[in-house]
Each structure stands twice: as structure tokens, then as C-alpha cells.
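If you're matching positions, the sequence shown starts at 116 in my numbering and goes up one per residue. A virtual CB, placed ideally from N, CA and C, is assigned to each residue, including glycine. Before any comments, here is the structure.
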Amino acid sequence: MLGAILFSTKAIIVKLSFSNTQLDALSLLTLRMIFSLPFYLVAAWIGSSNKMRDKFTRRQWWIIIALGLFGYYLSSLFDFIGLQYVSAGLERLILFLYPTFAVLINAWYFREKISRLQQGALALTYVGIAIAYLGELNLEDTNPNIYWGSFLIFLCAVTYSIYIVGSGHMVKQVGATKFTAYAMLSATMGIFIHFLVAGNFSQMDEMAAAWPYGIVLALFCNSHTHIYALCGYEKNRDQ
116 MLGAILFSTK AIIVKLSFSN TQLDALSLLT LRMIFSLPFY LVAAWIGSSN KMRDKFTRRQ
176 WWIIIALGLF GYYLSSLFDF IGLQYVSAGL ERLILFLYPT FAVLINAWYF REKISRLQQG
236 ALALTYVGIA IAYLGELNLE DTNPNIYWGS FLIFLCAVTY SIYIVGSGHM VKQVGATKFT
296 AYAMLSATMG IFIHFLVAGN FSQMDEMAAA WPYGIVLALF CNSHTHIYAL CGYEKNRDQ
């Protein structure tokens, strides 16, 4: 629940940043990761100094890097761009479908059986989301980009669910701290490279003015990543 609360605040902070500054989505995401980077480096150092943990295999490295790029490079990019077109409420409505996608991915890829109770919960979720989404469409019927923004948020939910599923299987192998740190470092490098390639350096002045938003996004809204990883670790350890 704590992870979900922290996760929910992100959209509000992003929308406030867009309304009060001239930052674009990529620049705001880059600013967020600039402030997050020191914490990921410290976490990676602490995890690596633990003598009880073996070094990653090559396969584990590739999986962690891929999950980081899916879960916090692509997912965050889709989310931030989508928030330029839809409200925070509509974004949360679509994005919180990701647990259902995680169930479906586990059933398809890992052959985990979906119980009858879970099937009913999934059906109820999708019906409820559809009803709420139609209500949001009526409120935003003058927004010409609502479907494009909704599609981007949908892609965010799908890519984030891949990260959630993968993290549940990786944290029991490498530990929650090490997994989260290196996955986030992979995503950070992807975002930095994207920003450098895009070459939108005219946003640098706006980034300097928007640093409070970057700090809040980094310190509070990003905290759910480690909480979710710990939950996945405890779940697999109990099993």
C-alpha cells in the first residue's frame, strides 16, 4: 500500500512541473534521474560489498539491464510523455492496470495457473476501469490528444508490468537492493543517453529552475521501486 501511495504521487508532481515550467517530458525525466543517481550508486556499492552475495552471471546482467530499460526507461518515458496529454487521474486509472498485466504475463510465460477467484477479480477490474474511463472521456471530451495520451500510458503499464514480473523472479537470486540499484542504473544510463542524443540542451535553464520537482520525484516518488522489490523478495522467500 505504501508503494502504491508513493507511486500515485508521481503523476501529480509531473503535472505540477509541466504547468509551472517549460520542461518537456524527457528533460524532466532526466532531471529526476540526476537526483536519483547518487542513491542508486550508494545502493549498488552497499550491495556489491556484501560478501554473502555471489557476482552476477552474464545472463543475470542481461536480464537486470533489460528489466531496468523496460521498467524505468521506456515505462517512465511513456508515462511522462502521456501526462502531457491526459490528466493525472486518467493516467492513474490506466496505469494501475499493471497488476492485471503482471498476472497475465505470469500465466502466459511462466505457466502460472489463474484461479477462478483471480479470473473474477480480473473481469471485475476491467469492467470497472472501462466504466471509469468512459466517465473520464466525458470530462475531457474537448481534449483532442486524449486517445494518444491514453495509449502511451497503456504502454507504460505494459512495460512496467514486465519489470514487476521480472523483479519478482530476480530478487530471490541477487537480492532486492542489488537488483533495484543495478536495474535503476541501467535505466538512468538509458535516459541520459537519450537526452544527449536528442540534444535538447536549450532545456538546461528550465531544468535548473525545476530542481525542486526533480528532488521530490527522486526522493519520494521513486521510493516505491525498492518497496516493490522487497515485496517480491519476501514473497519468493516465503514460497
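At the C-beta level, R174 and L332 stay beyond 8 angstroms of one another.
Look at T303 here: in three-state DSSP terms it is helix. Along the segment 149 to 211, the alpha helix (DSSP H) occurs as fully enclosed runs of 4 or more residues at 173 to 183, 190 to 197, 203 to 210, listed in sequence order. D320: member of the alpha helix (DSSP H) spanning 319 to 324, first to last residue. Taking N260 as the centre and dropping the five residues before and after it, the same chain places the C-beta of Y200 closer than 7 angstroms to its C-beta, in chain order.
Contact between I149 and G329 holds, with the beta-carbon distance rounding to 7 angstroms and staying under 8 angstroms. For G204 against T274, the beta-carbon gap comes to about 21 angstroms, at or over 8 angstroms, which does not count as contact.
Under the three-state reduction of DSSP output, I244 falls in the helix class. Non-local C-beta neighbours of A217 in its own chain, meaning closer than 6 angstroms and more than five positions away in sequence, comprise S276, I279, V280, ordered along the chain.
Listed in chain order, the non-local C-beta contacts of L131 below 8 angstroms within the same chain comprise Y328, local neighbours out to five positions each way being set aside. At a Cβ-Cβ threshold of 8 angstroms, F193 and L267 count as neighbours. Counting only residues of its own chain and dropping the five nearest sequence neighbours on each side, A272 has a CB closer than 7 angstroms to the CB of I209, L210, L212, Y213, F216. Taking W160 as reference, the option from A140, G264, L141, L300 with the minimal CA-CA separation is L300.
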